[in-house]
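Enquirer: Pasting a structure below so you can have a look.
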Amino acid sequence: MGTTNEKILSLRNVTMDYGGKRVLNGVNLEVSKGQIIGYIGPNGAGKSTTVKIMLGLIDNYRGEVEIFGQDIASGDPSYKRKIGYVPENAEAYDNLTASEYLIFTAELYGMNRAHAEDKATKLMKEFELGDVIHTRLSSFSKGMKQKVLIISSLLHDPDLLFLDEPLSGLDANSMMVIQEILLQLAAQGKTIFYSSHIMDLVEKISNRIVLLVKGEIVADGSFKELQEMSEEGTLAEIFNQLTGFTEHKNRAEKFVSIVQEEQAHA
Amino acid sequence: MRNFQSLRFLALFKKMFLKFGIDYEAMQKILRVKLTMDERRVPTIFNDSRKKKDGNQFLKSLWIYGLYGLMLIPFIVLGDSYIFQMSIVFGMIMFILMTSMISDFSSVLLDVRDKNILQTKPIRGKTISAAKIVHVMIYMSFITGAFVTIPLLVSLFRHGIVFMFIFLAELLLVMLFVVVVTSLLYLFVLRFFDGERLKDIINYVQILLSIGVVIGYQLLIRSFGFVDLDITYTFSWWHLFIPPIWYGAPFELLLAHNVTNYTIIFTILAVCIPVLAIYCYARLMPSFERNLEKLMSDTRKRKKKGNRLDEMWARITCRRNEERVFFRFAALMMKQEREFKLKVYPALGMSLVFPFVFIFSELRERTFADISTGNMFLFIYFCNLMIPNIVHMLKFSGSYKGSWLFKATPIQQMSTAYSGTLKAFLVKLYVPILLVLSVVFTWIFTVRILPDLVAVLLAGIGQTLVTYKLINDEEYPFSKSFEFTQDAGGAKMLLLSLVTGVFVVGHLIATPFNYGIYVYIVLLLAVVLIGWRMVFPSKGSIGFARGSGS
């Protein structure tokens, strides 16, 4: 994959406090064009917060965030024009139909209406959702809704993609399609920021992995480099080691023994 | 989870349930969980109340039903045509039971979680169905009890003990009838339509109930005045299809000894139809459960709905493209979001009805010709009273979490979001209501009031702007949870309603002068145009100017 040195985004010493608790603690990160970043970390490590800061959903952080060479704190929202975002939990105005929702988001990104509708229809068909394009999102299954949100993040042909657990609810075939789409997009020079808990996937598609623990980056590099850092084999094991979690066996044993406890006969 | 009184009462029938092969213990456990969950829900009839109160909000709302029950008394006490009076009484009872059944207990009948949670457990389907029906019946008994206890006692004193017993027996039949018929109605709708359509139907019934309750209150106040029951009943064949009449007939048959073919047929229908309906229900329950799937996922092919009218209005009323996008979005939300409709449409219905309520009460003292020459048309300002409430509601949405979109997308000017939304509100909700009222008012008061109506419209737009400025400032529309609707503070809302009064006073001052109303219109127009510019400045945003520096 061709990684040039053109800088797409950079975080400098980003710190964030939330209700007296430090969520991010001096995060430094530079991302170049064409990279697929696997952004991983245990629950509550601050992954979503980082993404939300970069998208402008949170603005009371400290430090500097530059995207496409522009400081996002300036208040000019036009840097978002070339960003796509898939939120976790598939949150959307789900009383709208798929087509209404897609056109609406595309228009907010500044696309022309007719063009958006045409493109949305074509993309929906590619995901085998052509029949339900005029059906309300509220009646969609998790996987279908996820596909619509993925389309909505790509309709305006963004240069930078933020994906938060983008494959949840999708079947194995759709997952493979999306993975392939991401790889091809990266090959075209798009930058993808991908956070997930599914380590196999992250291992497979990322060319750079960033591990966040308690608001700090503890590892940053390719999968190979991460392997060299620790003695473990798979990313999941490296993840366990770097997050200092080694007692999974003990915990499981205890859990199983409780499951098997006999009912005391009265 | 506590021990419920109703479950203790139910235990009396334990043997009966066991005889039907129902696992009583399991049913009782299901019911206890369900009743506990209900304590955390707010019924429609009480939808003004704040959320997060303790105890069963439903039980606390019962006094409203008690109040409405008073409406039945004149029909029981006055007149002496049993079949006519009691048909009206049962008509009202059925209306109340049916609407509250649909609006508040649909969730019980249509609970799709039951499928995943209960049917995967080792419990027989029969037990689950029984739990469902018993659950609904518990509430129906509460409503019926609250609604008819006082009328029932009145009937005891007025018509004697036999009358009361017939009344009581029929109430039981009616309850069964309503519960089962509603279930069958759902069955029918789900069989031929899809889940979305059913949800729409339920939504509209909820809206109807909210309007019905307020209008019913008006009728209640006036009902003693215009009840005139010296009507004799004559039979027509189509009466066979009106259930309330079935339940009026037994009184005629058993008390007035009016033994005719039709009273006998009605009485037979009154008893047999509910029994038959239960039989059908038991038979059709499995297919009902199957069709419930449609509520969970609905993936049928659908055609595109054309909304060229919205398109046209968006072009006419909005100049910036971003604003048009929000106009269309808001128009769709107002049309399609059920929770929003439930909160807002009753207010619309009332603003459509109230101006007439006042004119009608005036009609009883003055002649039509007298009214049509006066200033009574100013009652049309009542429809402006709804504006603060609805503009406030534009902040909220059931799927408010989707509003991350507004922050993640490059919206150049935040103010276009609201100016588009407010324009959509005016075009889609306010103007249609005003238009209907205007047509009728022009018919009553002749074309001389046309300039006044223009002034009303401009006042409405002005009030929308004032309300927005005072309560919605700076947030995106449809981006907060409905849980926070009460946060605005009643005093502020009341104050904003008073703004309508200011416009009425302005109107009254302008009227006596020659061409005064035209001056007033020009003045309003200027205020609205300048005000809109000031509230929604159309120059490049501040952020944009700053951004170019970096």
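Those protein sequences? They're chains A and B, same order as listed.
Letter by letter, the first sequence follows residues 1 to 266 of the working numbering.
Letter by letter, the second sequence follows residues 1001 to 1550 of the working numbering.
C-beta atoms are modelled at their ideal positions from N, C-alpha and C, and glycine is treated no differently.
Under three-state DSSP, which class holds R1032/B?
Expert: helix
Enquirer: Which residues in chain A sit within 7 angstroms of I1316/B, going by Cβ to Cβ distance?
Expert: Near I1316/B there are no residues of chain A at all, since even the closest Cβ is about 16 angstroms away, more than 7 angstroms.
Enquirer: Can you say whether G118/A is buried or exposed, counting buried as having 16 or more other CB atoms within 10 angstroms of its CB?
Expert: Residue identity check: residue 118/A is Asp in the sequence provided, not Gly. Flag for D118/A reads exposed.
Enquirer: Let me confirm a value: F1425/B is counted as buried when at least 16 other C-beta atoms fall within 10 Å, else exposed. Which label applies?
Expert: It is buried - the Cβ of F1425/B has at least 16 other Cβ atoms within 10 Å.
Enquirer: Since I believe M1164/B is in contact with L1176/B (beta carbons under 8 angstroms), could you give me their beta-carbon distance rounded to a whole number of angstroms?
Expert: Not quite, the Cβ-Cβ distance comes to about 19 angstroms (not below 8 angstroms), so this is no contact.
Enquirer: With respect to the beta strand (DSSP E) encompassing K1126/B, which residues constitute its N-terminal and C-terminal limits?
Expert: Per DSSP, K1126/B is not a residue of any beta strand (DSSP E); the alpha helix (DSSP H) it occupies stretches across G1125 to H1159.
Enquirer: Checking contacts by CB at 9 angstroms: is I83/A closer than that to chain B?
Expert: yes
Enquirer: I'd like to know whether the C-beta of R136/A is nearer than 9 angstroms to at least one C-beta of chain B.
Expert: yes
Enquirer: Could you spell out where the alpha helix (DSSP H) holding G221/A opens and where it closes?
Expert: Where G221/A is concerned, there is no enclosing alpha helix (DSSP H), although the beta strand (DSSP E) it sits in stretches over E216 to G221.
Enquirer: Measure the alpha-carbon distance for F1188/B versus L1110/B and round it to whole angstroms.
Expert: 13 angstroms
Enquirer: Hey, how far is the Cα of R1191/B from the Cα of L1437/B?
Expert: Their Cα atoms are separated by approximately 39 angstroms.
Enquirer: Assign C1318/B to buried or exposed, taking buried as 16 or more other Cβ atoms, counted over all protein chains shown, within 10 Å of its Cβ.
Expert: buried
Enquirer: For chain A, find out if any of its Cβ atoms is closer than 9 angstroms to the Cβ of L1405/B; answer yes or no.
Expert: yes
Enquirer: Below 8 angstroms on C-beta distance, what does G41/A contact in chain B?
Expert: In chain order: nothing, as chain B lies at least about 21 angstroms away.
Enquirer: Our contact map puts L1348/B next to L1429/B with C-beta atoms below 8 angstroms; I'd like the distance itself, whole angstroms only.
Expert: 6 angstroms
Enquirer: So that I know if they touch, is there some Cβ in chain A lying closer than 9 angstroms to that of K1423/B?
Expert: For K1423/B, the answer is no, since every Cβ of chain A falls outside 9 angstroms of its Cβ.
Enquirer: Between V202/A, F245/A and T243/A, which has its C-alpha nearest K224/A's C-alpha?
Expert: V202/A
Enquirer: On the DSSP bridge assignment, give the partners of V86/A in chain order.
Expert: L163/A
Enquirer: Going by the DSSP bridge assignment, what does F193/A pair with across the sheet?
Expert: I37/A and F162/A
Enquirer: Shortest alpha-carbon distance to V86/A belongs to which of K122/A, A98/A, I103/A and K145/A?
Expert: K145/A
Enquirer: Could you compute how far the alpha carbon of F1445/B sits from the alpha carbon of L1209/B?
Expert: If you take the alpha carbons of F1445/B and L1209/B, they lie about 32 angstroms apart.
Enquirer: Nearest by alpha-carbon distance to T1500/B: which of W1443/B, M1386/B, L1525/B and L1529/B is it?
Expert: M1386/B
Enquirer: As a quick exercise: from A264/A, L102/A and V132/A, pick the residue whose alpha carbon is nearest that of L1405/B.
Expert: L102/A
Enquirer: Kindly indicate which three-state DSSP category F1046/B falls into: helix, strand or coil?
Expert: The predicted model places F1046/B with a pLDDT of 49, which falls under 50 and marks its position as unreliable; any figure quoted below should be read in that light. F1046/B: helix per DSSP, three-state reduction.
Enquirer: Which residue marks the beginning of the beta strand (DSSP E) containing E1483/B, and which one marks its end?
Expert: Segment: none, E1483/B is in no beta strand (DSSP E) and carries neither H nor E.
Enquirer: When we look at the beta-carbon of F1358/B and count the other beta-carbons within 10 Å, is it buried (16 or more) or exposed?
Expert: exposed
Enquirer: Starting from D71/A, follow its DSSP beta bridges and name the residues at the other end.
Expert: E66/A
Enquirer: Buried or exposed: which applies to L1554/B, given that a residue is buried once 16 or more other Cβ atoms fall within 10 Å of its Cβ?
Expert: Lying before the first or after the last residue shown, residue 1554/B is absent from chain B, which here runs from 1001 to 1550.
Enquirer: Could you name the residues of the same chain whose beta carbon sits closer than 6 angstroms to that of A1011/B, not counting the 5 residues immediately before and after it, in chain order?
Expert: Take A1011/B, set aside five residues on each side of it, and no residue of its chain has a beta-carbon closer than 6 angstroms to its own.
Enquirer: Please list, in chain order, the chain B residues whose beta carbon lies closer than 7 angstroms to that of P87/A.
Expert: W1404
Enquirer: Taking a cut of 9 angstroms between CB atoms, which residues from the stretch 1180-1195 of chain B lie near chain A?
Expert: D1194 and G1195
Enquirer: Any idea what DSSP makes of M111/A, helix, strand or coil?
Expert: Note: M111/A maps to coil in three-state DSSP.
Enquirer: Contact defined as beta carbons within less than 8 angstroms: I believe S1397/B pairs with S1479/B. What is the distance between those atoms, to the nearest angstrom?
Expert: 7 angstroms
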